[in-house]
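For the sequence shown, the positions run 80 to 138 when the numbering used here is used. We treat Cβ as the ideally placed atom computed from N, Cα and C, and that holds for glycine. Owing to the predicted nature of the structure, the values given are computational and were not obtained by experimental measurement. First up is the structure itself, then whatever we jot down about it.
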Amino acid sequence: MNKELQLGKYEFFPNEDYWEKIFKELKQSEMTAEEQKKHLEDILKLFQKRKRKRKGKQI
């Protein structure tokens, strides 16, 4: 896997377009479609986990 695609590299903020960077890197990577899908699912899970943590702190 490309080192630049490692999880945890990206911070997720609603006002910035990190997803565009992720999709661009996926297109340029040598991953298969199935690997790309799995990678995106992992990123989404990480995003949702961070979002839940932030909600918990705000309450």
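Residue range of the alpha helix (DSSP H) that includes residue i
i, result
"E99", "97-107"
Cutoff 9 Å: residue i Cβ touching any chain B Cβ
i, result
"D121", "The structure shown contains no chain B; it holds only a single protein chain."
Straight-line gap, residue i to residue j (C-alpha atoms, nearest Å)
i, j, result
"Q130", "L123", "Position check: residue 130 holds Lys in this sequence, whereas Gln was assumed. Each residue's alpha carbon lies about 10 Å from the other."
"F126", "E104", "18 Å"
"I138", "Y97", "Its pLDDT being 49, under 50, I138 is placed unreliably in this model, and the coordinates cannot settle the point."
"E99", "K132", "24 Å"
"T111", "K117", "10 Å"
"E113", "E120", "11 Å"
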